[in-house]
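The structure appears below as structure tokens.
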Ligand SMILES: Cc1cc2nc3c(=O)[nH]c(=O)nc-3n(C[C@H](O)[C@H](O)[C@H](O)COP(=O)(O)OP(=O)(O)OC[C@H]3O[C@@H](n4cnc5c(N)ncnc54)[C@H](O)[C@@H]3O)c2cc1C
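Protein chains in written order, with the working numbering: chain A, 2 to 430; chain B, 109 to 376.
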């Protein structure tokens, strides 16, 4: 972009610019042709895209310039470099020599940063960036394999990935021992963990007890305070969420979701960090024997992580129940399916039924009325199977398959059954 | 089976730490819900010699709340008298050392005070015992291990084997507690032990107020172009952006769905 700045800001030729602006000037046409006029779009000094309205658009049938802002047409004159930069104009930040370290242990449910994790990293950035002359580094510590590729965008300067068989499953003792050696190595100014059941909430309390730190739990707000040792004051929920405790920010913080805004306009290095010492091998007194199979039909619909929901488009109800059983999904229904007597009332999803929070929600033959869509607001991935490609459920869905529900469900169930059998034989072998 | 008339118990010794709860609406003292579930869990253990333990002040409020636990079928409750502002961990550690139970059950959070949920972890650290969070059920207690079910989110369960003695916390996923019966609650007694209380000094500088409603987060759309911002503000929530498979055979459709299900890891 530097050449751009040179031509537009440093070496200005006011007369030439004036002629270029003045379309009635006798030299205008000649200059505009030779000078390869200024680009239609460039990145301003503040990272905002600037456009020259005269250089974009086209002349419509009535001789009037039309500008299509949908992005479909205007790019003709823009340089490809400028456009690529506009796509990711987050400011890149490298902290080479951090004044201190903020350690964050995200939950990474399913191997990815949750929104809770991102909020927590936003909180960590507030602590790290408070003094621009001596910025701290945010170190994220992950256990086992993860599938996250955007640690940098979430505000992580250094990434300490601790992998190994002993961290898989429920291994609080191994994780605690590893965090203990991180404490010795990095001595973070603050430890931040999400206050979530079984995730950071548990590990954080273990760590606090081990390090002899008194943590602030249920933290949801942070403000600067000159009178506290850490320079910060926090508001935390106490007494089972019924009171607010305002206290100086301690070294260990267990924070609630939405404790801070997630990072959005900077891109951090997320440089991998090696653990210097070999991690201690502890004696495990807690042994994980694995998850036990539970009947998905028993799980409360609001809690189910995988829901197969049926609507008015289902004709073959036996086939639907079979499919739900094969997929191992909890059954849900639209109101019409319930009103018509095909499904029990406690399976209704929506405004007047259950608000589900499934990770994957499959809507079969459901048109997607607002009352139904409200109930699936918190679902991560929605799959629609419907005959009508224009219905609202298809618009909401992350994946929509247009076709007859009966045939698709039957094929899907068949495939899943085959896949299961294959897994089984591989397990045995 | 009423524990009062049961013969001498040969099973493991279990201590349940109970606290004074507070009704979320009326604010009246009551049994703490999670602690009552822990008591219920202990009552479900065959032959276990279960004792209730409370550290705190003994006054009218705590009396009525603690009698709620007695009403679940206990003759007595051991009460370690402490001042209202005391840090009860040292006193409890000492009591547990002398009692040496095989298993200590607690709730996950207290319903009054700081309610940080640190107590079980601090106890376990001080005693050097393993600790398990989110206990849903105890399947089996053997000579030196126990098999437990731990509650995971979304109604799932994980089986764990833990070395005895250990501490476990109980939360909402365990079975709800039985009703407290009035007669046994009245008849039951307290075995009070006075112990020196150590004041919790840190709390003195805290300001405690009833919980404020948290502000709803605004949806901020960060985008360079006015058109994008307008579109985001005007768009129906969650609309668009998905993949649509039209004119696909059922096979192709099922294939695409299957791929997504496996990617999300919901097939097991
Ligand atoms: C006050 C109020 C509260 C309500 N609360 C709720 C609520 O909580 N939950 C709720 O669900 N509804 C609720 N409703 C009802 C809601 O407005 C809709 O009427 C209802 O959700 C529609 O259900 P449906 O999508 O199953 O049926 P329809 O709208 O009839 O849609 C059927 C869909 O199936 C498709 N289809 C048909 N045949 C096939 C096939 N062979 N293969 C594949 N697709 C096929 C069609 O294309 C169509 O999209 C409420 C309504 C009111 C007025």
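No residue lacks a Cβ here, since even glycine has one placed at the ideal position from N, Cα and C. Note that the structure is predicted; figures quoted are calculated from it, not measured.
With a cut-off of 8 angstroms, do at least 3 Cβ pairs link the segment 161 to 180 of chain B to the segment 284 to 295 of chain B? yes
Going by the beta-carbon positions, is the gap between residue 258(B) and residue 269(B) smaller than 7 angstroms? no
7 angstroms Cβ cut-off: residues of chain A touching residue 250(B): Simply none; closest approach about 13 angstroms.
Reduced DSSP category for residue 76(A) - H, G, I as helix; E, B as strand; rest coil: In this predicted model, residue 76(A) has a pLDDT of only 42, less than 50, meaning its place in the structure is not dependable; the value taken from the coordinates is given anyway. DSSP places residue 76(A) in helix when its eight states are reduced to three.
Length-filtered (4 minimum) alpha helix (DSSP H) runs lying within the segment 268 to 312 of chain B: 290 to 295
Contact residues within the segment 393 to 410 of chain A, judged by C-beta distance below 7 angstroms to chain B: 395, 396, 397, 398, 399, 400, 401, 402, 403, 404, 408, 409
Which residue's Cα is closest to the Cα of residue 365(B): 113(A), 383(A), 54(A), 241(A)? 383(A)
DSSP beta-bridge partners for residue 217(B)? According to DSSP, residue 217(B) bridges with nothing at all.
Quick one: what does DSSP say residue 347(A) is sitting in, helix, strand or coil? helix
So, is residue 419(A) buried or exposed, given that buried needs 16 or more other C-beta atoms within 10 angstroms? exposed
Should residue 279(B) be listed as close to ligand 1, given that the test is whether its C-beta is under 6 angstroms from any heavy atom? no
Cβ-based neighbour list, residue 93(A), same chain, cut-off 6 angstroms, excluding 5 preceding and 5 following: 268
Can you tell me which of the three DSSP states residue 188(A) falls into? coil
To the nearest angstrom, how far is the alpha carbon of residue 173(A) from that of residue 249(A)? 29 angstroms
Taking CB distances under 7 angstroms as the criterion, tell me whether residue 65(A) reaches chain B. no
Is residue 336(A) near ligand 1 - that is, is its Cβ less than 6 angstroms away from at least one heavy atom of it? yes
Just the chain A side, please: which residues come within less than 7 angstroms of residue 340(B) by C-beta, in chain order? Chain A residues near residue 340(B): none, gap ~13 angstroms exceeds 7 angstroms.
Kindly identify the DSSP beta-bridge partner or partners of residue 255(B). 248(B), 269(B)
Pull up the CB-CB distance for residue 123(B) and residue 190(B), whole angstroms please, since I reckon it's below 8 angstroms. Not confirmed; about 17 angstroms, so no contact.
Verify whether the separation of the beta carbon atoms of residue 96(A) and residue 316(B) is less than 7 angstroms. no
Have a look at the DSSP bridge pairing and note the partners of residue 186(B). 161(B), 299(B)
Got a sec: is the Cβ-Cβ distance from residue 372(B) to anything in chain A below 7 angstroms? yes
In whole angstroms, what separates the C-alpha of residue 358(B) from that of residue 365(A)? 13 angstroms
Check whether the Cβ of residue 139(A) lies closer than 7 angstroms to any Cβ atom in chain B. no
I need the boundaries of the alpha helix (DSSP H) containing residue 315(B), first residue and last residue. It is not in any alpha helix (DSSP H) - residue 315(B) instead sits in the beta strand (DSSP E) that spans 315 to 318.
For residue 222(A), is the classification buried or exposed, using 16 other Cβ atoms within 10 angstroms of its Cβ as the cut-off for buried? buried
Are the C-beta of residue 305(B) and some C-beta of chain A separated by less than 7 angstroms? no
Determine which residues of the segment 301 to 321 of chain A have a Cβ less than 9 angstroms from any Cβ of chain B, and write them out in chain order. 301, 304, 305, 306, 307
If you run the structure through DSSP and keep just helix, strand and coil, what is residue 256(A)? strand
So, helix, strand or coil for residue 124(A), using DSSP? helix
Can you give, in chain order, each stretch of the beta strand (DSSP E) that sits fully within the segment 219 to 246 of chain A and has at least 3 residues? 233 to 239
Helix or strand or just coil, what does DSSP make of residue 289(A)? strand
Using a Cβ-Cβ distance under 7 angstroms, would residue 230(B) count as near chain A? yes
Pick helix, strand or coil for residue 166(B), following the three-state DSSP scheme. coil
8 angstroms CB neighbourhood of residue 369(B) in its chain, flanking five on each side removed: 375
7 angstroms Cβ cut-off: residues of chain A touching residue 220(B): 240
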